[in-house]
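Step one of this worksheet: look at the structure below.
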Amino acid sequence: SGTGKSVLIKSILGIIHPDKGSIRIDGRETMGLGARDREEVMAGMGMLFQGGALFDSLPVWQNVAFGLIQGKGVARRKAREIAIEKLSLVGLGADVAELAPAELSGGMQKRVGLARAIATDPDILFFD
Numbered sequence: 001s002g003t004g005k006s007v008l009i010k011s012i013l014g015i016i017h018p019d020k021g022s023i024r025i026d027g028r029e030t031m032g033l034g035a036r037d038r039e040e041v042m043a044g045m046g047m048l049f050q051g052g053a054l055f056d057s058l059p060v061w062q063n064v065a066f067g068l069i070q071g072k073g074v075a076r077r078k079a080r081e082i083a084i085e086k087l088s089l090v091g092l093g094a095d096v097a098e099l100a101p102a103e104l105s106g107g108m109q110k111r112v113g114l115a116r117a118i119a120t121d122p123d124i125l126f127f128d
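The opening residue of the sequence shown carries number 1 in full-length UniProt numbering; numbering runs sequentially from there.
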């Protein structure tokens, strides 16, 4: 607690920007990248936030598929199929796909967050 793990992860992901130093991923400097290059680096990463960070206004499947639809341009129908597959991998059935996150237990919400983190098949997965 208080050792800077969250700050480090947020710096790596480009959520916050350090005052000095450098961050290299697979030998590639990530500080000061333009939007397109940053997107390319970020495409290979997934993140499971400490608080879950689920969108209350979206059903579970859309929470899982968010990065697929918004980040990768996957069609909604295909994204829903992938979301249900990833939910299955974390022990949740298709029956939760249309539920709101608030209708799930805390543990189930964590698993939805994990399903979202792995939905894009990232090369690197961060856990905060």
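From the three backbone atoms N, C-alpha and C, an ideal C-beta is built for every residue, glycine too.
key: Span separating the alpha-carbon of Gly113 from that of Met47   = It is roughly 9 Å from the alpha-carbon of Gly113 to the alpha-carbon of Met47.
Own chain residues within Cβ distance below 7 Å of Ile23, not counting five before or after = Ser11, Ile12, Thr30 and Met31
request  = Return the bridge partner residues of Arg28 from the DSSP annotation.
outcome  = Ile25
inquiry  = Just verifying my parser: in three-state terms, what is the DSSP assignment at Phe66?
reply    = helix
ask   = Is DSSP giving Leu125 helix, strand or coil here?
value = strand
query = Counting pairs of Cβ atoms below 8 Å between the segment 35-44 and the segment 77-84, do you hit three or more?
reply = Cβ pair count under 8 Å is below three, so no.
ask   = Alpha carbon to alpha carbon, what distance is there between Leu8 and Pro18?
value = Here the alpha carbon of Pro18 sits roughly 9 Å from the alpha carbon of Leu8.
task = Give the single residue among Ser105, Arg116, Leu125 and Gly4 whose Cα lies nearest to the Cα of Asn63.
result = Arg116
request  = Report the option in Gly27, Ala97 and Gly2 whose CA atom is closest to the CA atom of Ile84.
outcome  = Ala97
Assumed close pair Asp56, Pro101 - CB separation to whole angstroms, cut-off 8 Å = 6 Å
inquiry  = Just list the residues that DSSP pairs Leu48 with in beta bridges.
reply    = BP columns for Leu48 point to Phe127.
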